[in-house]
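First up is the structure itself, then whatever we jot down about it.
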Amino acid sequence: MTDEFEDLALLNAAYADDEAKRLDARFAKLLNIPAELRAIPQWMFAGADKAPHTLRDGRTVHGSVSKPDDWMTFDAAVAAARVCNGYVGFVFTKGCGFTVLDVDVKNSTTHPDEPRRWTPPDVMDSLWSYVQKVSSYTERSRSGWGLHVLVRGDIGPGIHSQFLEVYSQDRFMICTGNRLQELPEAIEDRDDEVKRIAEEYRKRTGALKLVDLPPCTVERRTDSEVMDWLRSWSNAAQFERLWAGDIPGYPSQSEADAALMNFLWKATEDKEQVFRLFRESKLGGWDIRRSSPRFKAHRNDDYLNRTLTFVVSKLVEEAETLAKIQIGKSLTYEAAQADRAAEPAPSEPMFCPPPGRTGRLMHEFYCNSKRPNPEVATMGAFGWLAGLCGRACETYTGADLALYLLLVAKSRFGKDALHDFPEQFLQSLKVPVIPGVPLASTRLRSLNFSSGTALLREVAKDPGFCVFVREFGVTLEAMATARPGDAMASLRGEITTLYNIKKMGGKAYADRADNIPETTRPALSIIGETTPGRFEGALTRNMMEEGFMARFLCRYVTTPRGDENNWRGNAMPQEDRDYFTSLAAHMMELNARVTRGEQPQKVIADAEAEAALREHLKLCDAKYNEEQDSGIAAIWGDTHLKVLKLTALQAVVEYYGFPIMTLPQVQWSIWFVHESNRLFLEKFDTGDIGQGDADREKKVIHVCHKYLNLDDKDVPQQFRKLEHLRKAGIIPKSYIRQNTRTDAFTKHRSGDKAALDIAIKVAIENQSLMEIPKLTLSSEFKYDGPAFRLTA
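Its first residue numbered 88, the sequence shown is counted upward by one per residue in our numbering.
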């Protein structure tokens, strides 16, 4: 202990013997901290609040991780901590050469009244496996439950999540010396292993990758010029409310701080100016919850640095997501295809999650699926949002936010997550019950309707909810074969009619008790799943032309089935869970107001988003007018509305108090809907969808093209002896028959063979196919079966 603290050491003598012994035992453990770390003069001490403190002119004051003058030697920090019965901590700085894996464990001991925050056992098992893999000096945290693993390395700002943080700089970490005996005493060199673990954990859980704050890259404006510019933005009202400390809709003042800093950073990209302006605001200068000055925002820059790092890191993450979408300046699907054509094909299909909080909601669904898949998780997340927000909010054009969603994937793919987890997640939030307000749990239901009348009765009773339908393909099959007037035919008609209408007409019956009343602002959402074969076999030309299928956002899954997930548990940070709880409660209040006759909450768009949406509408109109097939034209007729609804739902999630659509949200929605359209319409081009002669002809022509373009190694074994035919551009009928065993052929009233003969006949009449004369096949190719050649 240094001389300057001898007077402090003397104060310890005044402690009672038993207290001194207890303190001595605790402080003695600090000698377990490796000597190489103790030798670095980057220490401070902390009290019960864990905030770093230092000694200045004999007084205890708050210290800062960014001010080297506040740092102490290890011995000096220990001496000061003994006086206040506190703790010592190390300051991690850029270039210090050390990285820490900070494992945070919450349980019934640390948080007895907050079971939602407890670390799930399977998550703890996963984190413990990381600790064992790293195998370096490890100590228990102050609570005795968390773990700190120190290694030599440099991961920079690192990653941040609810249960695990990894960092090398800009942090103060309390050290206990309470070492895990089964792990090494020394700090090992594990830089590569820690970086691999951090990246694996980030991809697995959606942990935020933190970035260094960049230098100023825009022309400096004065503070008054920045304020004037912000007040000219289309979402200036939201900024003004934050500036004035009006923060309803935010679960905590920290969330509101980040939102205000987001505005300021976008306007300045200058850290010092952001801090200065933030402190001038009422939000930055006053603790709204405690009605007292906000010391932590003013005593030093540590809190503001940490908050702004999170803000900028999330902006960078969103920018990277949008860069993957690759839809270019024109925001069109065609531009995306042109961009991709010049690039090598990825090793597996690429999927980009939605930006912002919607992406974090999708990731929670992903992490809790038995077979995690990003497309399944995204559809489930939007179904969840549509059920809660579909009637409570509307776009600036007056459209509700209800959605019809249909996921198409193979059996045993993991589609059950669509039905199981949305309700589980809503229940886990424990949305408060408010008198006169419907329960949040009533917004999501698993139902199968037997008729249009049954559907109307349910909507009249409760006009805004999302119904999850298992194996919707069975329902589609029943609708396809129903005769006019049948129950399933009426169901198809009512589903078509209920999409995006302002008023549902009533029905009168002989028995007045059976009457169905008129209903204003119905907002029915449907999310279903099916397999490709059943879906494609059930679709009819009428379903397309009458606009029934055009209402649905159909998503063919292109990404692989996920590995079995035994890690399932709460991956979402508690602040996000609190936010979604508040969102759900707010949506229930808005639903109650709409039922009382008030207007839904309007979702507006900022200038960039509105311009992009106008351009997109022009594109969809042009596609609709160019298309000769009325069924496909119907798809383009509803495409813009789907984009608008998806964008509005993202805006509501981002800030439900005053939702504003932004350009990144528009861009993602355009990409997602257009890509879904492409996958769906490809099935038309290949004849996989539809049951008419023209559809079967398309299928025959597609099979022929596919056969001729096969790589040699992909030719089926039984046809390799006929390679001389394929090289000559000749397709044997036996190959066509083997590859047209779809419902359009097998369910034909005259049988699959007759259906194939009719399709080939139509193709020949349309001059798409020609039959090779038997004599030619026999004499030139030594083949005695029927075969054909494409003419175009």
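Ideal Cβ placement from N, Cα and C applies to all residues, glycine included.
On a predicted model such as this, the values are computed, not experimentally measured, just so you know.
(1) Residue range of the beta strand (DSSP E) that Ala-382 falls in?
(2) So for Leu-531, helix, strand or coil by DSSP?
(3) Could you give the distance in angstroms between the alpha-carbon of Phe-185 and the alpha-carbon of Ala-285?
(4) Among the residues of its own chain, which have a CB less than 8 Å from the CB of Gly-443, if the five just before and after it don't count?
(5) So is Gly-872 buried or exposed if we call it buried at 16+ other beta carbons inside 10 Å?
(6) Which whole-angstrom value describes the C-beta separation of Pro-121 and Tyr-224, a residue pair presumed to lie in contact below a C-beta threshold of 8 Å?
(7) Between Leu-516 and the rest of its own chain, which residues show a CB-CB distance below 7 Å, the 5 nearest in sequence each way excluded?
(8) Sort out for me which residues DSSP pairs His-140 with in a bridge.
(9) Could you tell me which residues DSSP puts in a beta bridge with Ser-400?
(10) Going by DSSP, what residues sit across from Thr-292 in a beta bridge?
(11) Measure the alpha-carbon distance for Tyr-288 versus Ala-294 and round it to whole angstroms.
(12) Taking just the CA atoms, how far does Arg-628 sit from Gly-779?
(13) Under 8 Å by Cβ, that's how I've got Lys-785 and Gly-624 pegged, so tell me the actual separation to the nearest angstrom.
(14) Can you name the start and end residues of the alpha helix (DSSP H) that Gly-551 belongs to?
(15) Is the distance from the Cβ of Val-644 to the Cβ of Asn-455 below 8 Å?
(16) Taking buried to mean at least 16 other C-beta atoms within 10 Å of its own C-beta, is Thr-529 buried or exposed?
(17) Using 8 Å as the cut-off, can you tell me whether the region 253 to 267 makes contact with the region 195 to 209, which would need three or more C-beta pairs spanning the two stretches below that distance?
(18) So for Ala-874, helix, strand or coil by DSSP?
(19) Counting Cβ pairs, one atom from each stretch, are 3 or more of them under 8 Å apart for the region 609 to 618 and the region 484 to 491?
(20) Thinking Asp-299 and Gln-340 are a contact (beta carbons under 8 Å), I'd like their distance in whole angstroms, please.
(21) Helix, strand or coil: how does DSSP classify Leu-267 here?
(22) Under the three-state reduction of DSSP, which class applies to Met-659: helix, strand or coil?
(23) Nearest-angstrom Cα distance between Lys-383 and Gly-134?
(24) Which complete beta strand (DSSP E) runs does the region 642 to 722 hold, if anything under 3 residues is left out?
(25) Suppose you measure from the CA of Pro-440 to the CA of Thr-465; what does that come to, to the nearest Å?
(26) Indicate the three-state DSSP secondary structure (helix, strand or coil) for His-506 in the structure shown.
(27) What separation, rounded to the nearest whole angstrom, lies between the Cα atoms of Thr-682 and Gly-474?
(28) List the DSSP bridge partners of Thr-610.
(29) Any idea which residues DSSP pairs Thr-186 with across the strands?
(30) Would you mind sorting Leu-864 into buried or exposed? The rule is 16 or more other CB atoms within 10 Å of its CB.
(31) If you compare alpha carbons, which of Cys-553, Asp-725 and Trp-130 is closest to Arg-532?
(32) Compute the Euclidean distance between the alpha carbons of Ala-479 and Val-398, then round it to the nearest angstrom.
(33) Please say whether Gln-249 and Met-659 have beta carbons closer to each other than 8 Å?
(34) Taking C-beta to C-beta, are Phe-635 and Ile-582 nearer than 8 Å?
(35) Going by beta carbon distance, what residues of the same chain come within less than 8 Å of Glu-123, once the five residues before and after it are set aside?
(36) What residue does the alpha helix (DSSP H) around Ile-582 start on, and which one ends it?
Concretely, from the data shown:
(1) Correcting the residue identity first, residue 382 is Phe in this sequence and not Ala. First-last for Phe-382: undefined, no H or E at that position.
(2) strand
(3) 15 Å
(4) Lys-401, Glu-405, Gln-737, Val-740, Glu-741, Pro-751 and Gln-752
(5) exposed
(6) 6 Å
(7) Arg-664, Phe-667, Thr-668 and Ala-671
(8) Phe-132 and His-149
(9) Note: Ser-400 sits in no beta bridge, so no partner.
(10) DSSP output for Thr-292 lists no bridge partner at all.
(11) 7 Å
(12) 8 Å
(13) Not quite, the Cβ-Cβ distance comes to about 15 Å (not below 8 Å), so this is no contact.
(14) Run containing Gly-551: none in the alpha helix (DSSP H); it sits in the beta strand (DSSP E), 551 to 556.
(15) no
(16) exposed
(17) no
(18) strand
(19) yes
(20) That belief does not hold up - the Cβ atoms of Asp-299 and Gln-340 are roughly 26 Å apart, past 8 Å.
(21) coil
(22) coil
(23) 15 Å
(24) 688 to 692
(25) 7 Å
(26) helix
(27) 15 Å
(28) A small correction: the amino acid at residue 610 is Ala; Thr does not occupy that position in the sequence shown. According to DSSP, which records beta bridges pairwise, Ala-610 is partnered with Gly-551.
(29) Val-238
(30) buried
(31) Cys-553
(32) 29 Å
(33) yes
(34) yes
(35) Ile-274
(36) 574 to 585
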